[in-house]
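For what it's worth, our numbering labels the leading residue of the first sequence as 1, then goes sequentially. Think of the CB as a built atom: it goes at the ideal place given N, C-alpha and C, for glycine as much as any other residue. Below is one structure; the comments refer to it alone.
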Amino acid sequence: MKTREITLISDLEKNDLRRVKRKILRFYHSFGRDLPWRKTDNPYHILVSEFMLQQTQVSRAIEHYEQFIKKLPDFESLVKVRTPLLLKLWSGLGYNSRALRLRAAARVIVKNHGGKFPEDADMLKKLPGIGEYTSAAILAFAFNKPVPVIDINIRRVLLHEFGIDNSVSNEELSFIAQRMIPRGKSALWHNALMDYGAALSAEIKKLYPPLTKQSKFRGSRREARGYILRILLKKKALSKQELLQMISHREKEKIFAQLKAESFISVKNGLVRLK
DNA sequence: TTCCCGTCCA
DNA sequence: TGGACGGGAA
1 MKTREITLIS
11 DLEKNDLRRV
21 KRKILRFYHS
31 FGRDLPWRKT
41 DNPYHILVSE
51 FMLQQTQVSR
61 AIEHYEQFIK
71 KLPDFESLVK
81 VRTPLLLKLW
91 SGLGYNSRAL
101 RLRAAARVIV
111 KNHGGKFPED
121 ADMLKKLPGI
131 GEYTSAAILA
141 FAFNKPVPVI
151 DINIRRVLLH
161 EFGIDNSVSN
171 EELSFIAQRM
181 IPRGKSALWH
191 NALMDYGAAL
201 SAEIKKLYPP
211 LTKQSKFRGS
221 RREARGYILR
231 ILLKKKALSK
241 QELLQMISHR
251 EKEKIFAQLK
261 AESFISVKNG
271 LVRLK
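Below is the structure:
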C-alpha cells in the first residue's frame, strides 16, 4: 500500500497535475452548475444537502432541498420534528433511513457538541449516517478545509485523467486528490471536480462502474418498505391487518417487523402509524 | 430494463 | 467483504 502510493504519485508528472487542474477549473468557470446548496456555507444546510445527495442524483435532491430547508430551517427544528413530517419531506428521495439518521445526527450535535458543529473528520464519522465521503464533503463545503472529497464521479475524473487503474482504492487515490486542492479553494475545487465528473460521457463512466452494485428493485423488500411508508404517510393510522392486506410481498410480516425495529413505525391500541 | 448514487451491519 | 437499503428517469 505504501509503496503503491509512492509509485502512483511519482508516475504523475507535475505537468500532468497542473494541466488537469487547469482544465477542470476552466470547465467549471464555463459550465459550473448553480446548485442551491452552493449559495451557502451554513453547516446545517450543507449537512442536509449531503445526506440527500448520498446515493441520489442532484436533480432529485434539488427538488427536495428547498422545501426541507424551508420547513426545517435549523438544527432546533430538525431535532424536534416528528417522524411523519420528516418522512413527508423526504418522500421521493429514497433510502428513508437517511432521514432518521440525519435527525439522529442533528440530535447528537445539539446535545453532545452543544450545537457547535464538529469540524473534524473523526468526530463527524462517529455521527449516524456520516461516512468517509460525507465527512469530507462537509469539511470541504461548509468549512473550506483542504480535505480530499472522493465520490464515484470524482474518482472517475482522477482515474480517467491520470490513466490510473480501476483497482486503486479511494484511500490510495486520496494522496493524489489531496495534492490537487488549490490553496484556500477547497470548496470551489470540489464543486469543479463534481461538475466535471458529472459531465463525463456515459462511455467513460462505464469504464469505472460503481463500487457497490444494486439488486433488483421491482418486487424487492425495498419496494415494499417504501410502499408501506407511503401508505402510512397518507392514511395516518390503520390496523396491521388492513395495512398488510395492501401488500403483496411474501415477506411482508418480516418487513413490517423490521420497519418497527428501525423505529419507522409504531403500534398502539392495534393501530399502526409512523412513529 | 438498466442507470444512478454512500452508509451500515453481520 | 458482501448484502440491504429507493425510486424516478433514460
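- Burial check for His45: the Cβ neighbour count within 10 Å reaches 16 or more, so the residue is buried.
- DSSP, reduced to helix, strand and coil, places Ala137 within a helical segment of the structure shown.
- Per DSSP, Lys268 is one residue of the beta strand (DSSP E) stretching across 265-268.
- In this structure, Ala224 lies away from Arg273, with their beta-carbon atoms at least 8 Å apart.
- In the pairwise beta carbon analysis, the segment 163-180 is classified as not touching the segment 79-99: fewer than three pairs are separated by under 8 Å.
- Shortest Cα-Cα distance from Gly129 to any of Ala140, Pro146, Phe141, Ile109 involves Ile109.
- Ile228 places its beta carbon 8 Å or farther from that of Leu271.
- In this structure, the straight-line span from the alpha carbon of Phe217 to that of Leu100 is close to 22 Å.
- Among the bridge pairs identified by DSSP, Ala237 is matched with Arg273.
- The residues Ile24, Leu193, Tyr196, Gly197, Leu200, in chain order, have a CB closer than 8 Å to that of Val157 in the same chain once the five nearest residues on each side in sequence are set aside.
- Three or more beta-carbon pairs drawn from the segment 115-122 and the segment 135-154 are found closer than 8 Å, and the two stretches are therefore classed as touching.
- At least 8 Å separates the beta-carbon of Asn144 from that of Ala177.
- Secondary structure within the segment 181-245: the alpha helix (DSSP H) runs of 4 or more consecutive residues, fully enclosed, are 186-198, 202-207, 221-235, 240-245 (chain order).
- Taking C-beta separations shorter than 7 Å and ignoring five residues to either side along the sequence, Asn112 has no partners in its chain.
- Per the coordinates, the alpha-carbon of Asn153 lies some 26 Å from the alpha-carbon of Ala105.
- If you draw a straight line from the Cα of Ala257 to the Cα of Ser266, it is about 10 Å long.
- Shown here, Pro146 sits in coil according to DSSP, grouped into three states, outside any helix or strand.
- In this structure Gln55 touches Tyr95 by the C-beta definition: roughly 6 Å separates them, less than 8 Å.
- Going by beta carbons, Pro43 and Glu66 fall outside the 8 Å limit.
- Here the alpha carbons of Ser167 and Pro209 stand approximately 11 Å from one another.
- If you ignore the 5 residues before and after Pro148, its C-beta comes within less than 6 Å of the C-beta of Ser174, Ala177, Gln178, all in its own chain and listed in chain order.
- Sequence-distant partners of Thr83 (beyond 5 residues in either direction) whose C-beta falls short of 6 Å from its own C-beta, in its chain, are Leu274, Lys275.
- The C-alpha of Ile204 lies about 8 Å from the C-alpha of His160.
- Scanning Gly219, Leu89, Leu17 for the CA closest to the CA of Pro73 turns up Leu89.
- Of the residues Glu251, Leu232, Leu47, the one whose Cα lies closest to the Cα of Leu243 is Leu232.
- In this structure, Glu50 and Thr134 form a Cβ contact; the two beta carbons are roughly 5 Å apart against a cut-off of 8 Å.
- Inter-residue distance for Glu253 and Gln214 is about 23 Å (C-alpha atoms, whole angstroms).
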